[in-house]
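Residue numbers (full-length UniProt numbering): 1 to 337.
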């Protein structure tokens, strides 16, 4: 099969389409004929040599796909005594259409994935655009749960026009929360507002801290969902209300920052940081089971939808990485084999 491999750590030019061995589904896995693969910032880090795939994952990038079940691996055996109840999994058969969360390998014509990490795409659903959802839904849902976002609380999404941010805005709105978001430029702000944000701050033209204070009568927000990383740490803490929680899920602006401890302590706030890709399989299966139960119905009824910037051929992976790094993308880019 064809896959986009990283020939050596470096810039987008190191991505090459090459022939690689066809994958074989293992116990509890399905083989998918890939219809589309989502492009994520983690892929850029992997390409540059900063985010290696976990053991057992393919060497090429790709954390989410949509596709058609081509074959089934051997069924999983009984639960090991004392291991606890496994997360429920969907029953699949060849021909079914699914979206799937991967540890890697999505930039390819075929992938294998554990059944527990799939989401069913109904006949009337857009199987191509479904590739834009698994990673974002799992990331957003697991982190809103980690932040204990409660009814009546306010969420600020830093980077509301990105692949994760655009889903976070829609999901929090659908769940009834007041949503603030940041975006760059009038067009992006308008698009994020249309997704359900109550207040959108143009970080290129406005003082974000002042805008948040104005929007919350000086109180601040209960939860900040942040993709910016280290350099934004100090400012994000200052946006929190009393008892507020900052959840760091990305490092777009850098890996290191300064934490103003007196400011955090005065708010009785907390900082939470998570990753998704390197979690144990059982944890990811539990997250996806939660997504299937609580979030996927919102996708199926249209309240949360994929935001797709463009669909591109697999061979255009270098151009996709360049566009994402340059900040040109609103939502997700998809690669089509």
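Heads up, the beta-carbon is just placed ideally off N, CA and C, and yes, glycines get one too. Because the structure is a prediction, the values reported are computed rather than measured.
Alpha-carbon spacing of residue i relative to residue j, whole angstroms
| i | j | result |
| --- | --- | --- |
| residue 124 | residue 285 | 26 Å |
| residue 103 | residue 131 | 14 Å |
| residue 91 | residue 282 | 18 Å |
| residue 52 | residue 4 | 15 Å |
| residue 231 | residue 303 | 33 Å |
| residue 106 | residue 247 | 27 Å |
| residue 81 | residue 289 | With a pLDDT of only 46 at residue 81, under 50, the local geometry of the prediction cannot be trusted, and the value read off the model is given with reservation. Spanning the two alpha carbons is a distance of roughly 21 Å. |
| residue 2 | residue 16 | 10 Å |
| residue 30 | residue 118 | 9 Å |
| residue 72 | residue 137 | 25 Å |
| residue 153 | residue 180 | 11 Å |
| residue 145 | residue 278 | 18 Å |
| residue 262 | residue 210 | 20 Å |
| residue 11 | residue 326 | 13 Å |
| residue 256 | residue 328 | 24 Å |
| residue 148 | residue 19 | 45 Å |
| residue 334 | residue 164 | 14 Å |
DSSP three-state assignment for residue i, whether helix, strand or coil
| i | result |
| --- | --- |
| residue 238 | helix |
| residue 118 | strand |
| residue 81 | Caution applies to residue 81, whose pLDDT of 46 falls short of 50 and renders its modelled position unreliable; the value that the coordinates give is listed next. The answer is coil: DSSP assigns residue 81 none of H, G, I, E or B. |
| residue 253 | coil |
| residue 129 | helix |
| residue 7 | coil |
| residue 336 | strand |
| residue 327 | coil |
| residue 148 | coil |
| residue 168 | helix |
Paired residues, beta bridge with residue i - DSSP
| i | result |
| --- | --- |
| residue 161 | Answer by DSSP bridge pairing: none, since residue 161 is not bridged. |
| residue 216 | Residue 216 pairs with nothing; no bridge assigned. |
| residue 183 | 202 |
| residue 226 | 158, 248 |
| residue 221 | 240 |
| residue 270 | 245 |
| residue 178 | 154 |
Distance cut-off 7 Å: residue i Cβ against heavy atoms of the ligand NAD
| i | result |
| --- | --- |
| residue 39 | The model depicted lacks the ligand NAD and carries no ligand whatsoever. |
Exercise. On the three-pair Cβ rule with 8 Å, is the region 31 to 51 touching the region 99 to 116?
Worked result: yes
Exercise. Hey, which unbroken runs of the alpha helix (DSSP H) at 4 residues or more fall wholly within the region 275 to 322?
Worked result: Whole alpha helix (DSSP H) segments, 4+ residues: 281 to 290, 296 to 300.
Problem set entry | Complete alpha helix (DSSP H) runs within the region 16 to 82 (minimum length 4 residues, chain order) | The region 16 to 82 contains these whole alpha helix (DSSP H) runs: 41 to 47.
Problem set entry | 3-residue-minimum beta strand (DSSP E) runs that sit fully inside the region 92 to 118, ordered along the chain | Taking only runs of at least 3 residues, the beta strand (DSSP E) segments lying wholly in the region 92 to 118 are 97 to 101, 110 to 114.
Exercise. Does the pairing of the region 40 to 60 with the region 316 to 330 give three or more beta-carbon distances under 8 Å?
Worked result: yes
For this session: Would you check if there are 3 or more beta carbon pairs closer than 8 Å linking the region 153 to 167 to the region 217 to 228?
Result: The region 153 to 167 makes contact with the region 217 to 228; the number of CB pairs closer than 8 Å reaches 3 or more.
Exercise. Using 8 Å as the threshold, is the region 185 to 192 in touch with the region 293 to 300, meaning 3 or more CB pairs across them?
Worked result: Three or more beta-carbon pairs separated by less than 8 Å are not found between the region 185 to 192 and the region 293 to 300, which leaves the two stretches without contact.
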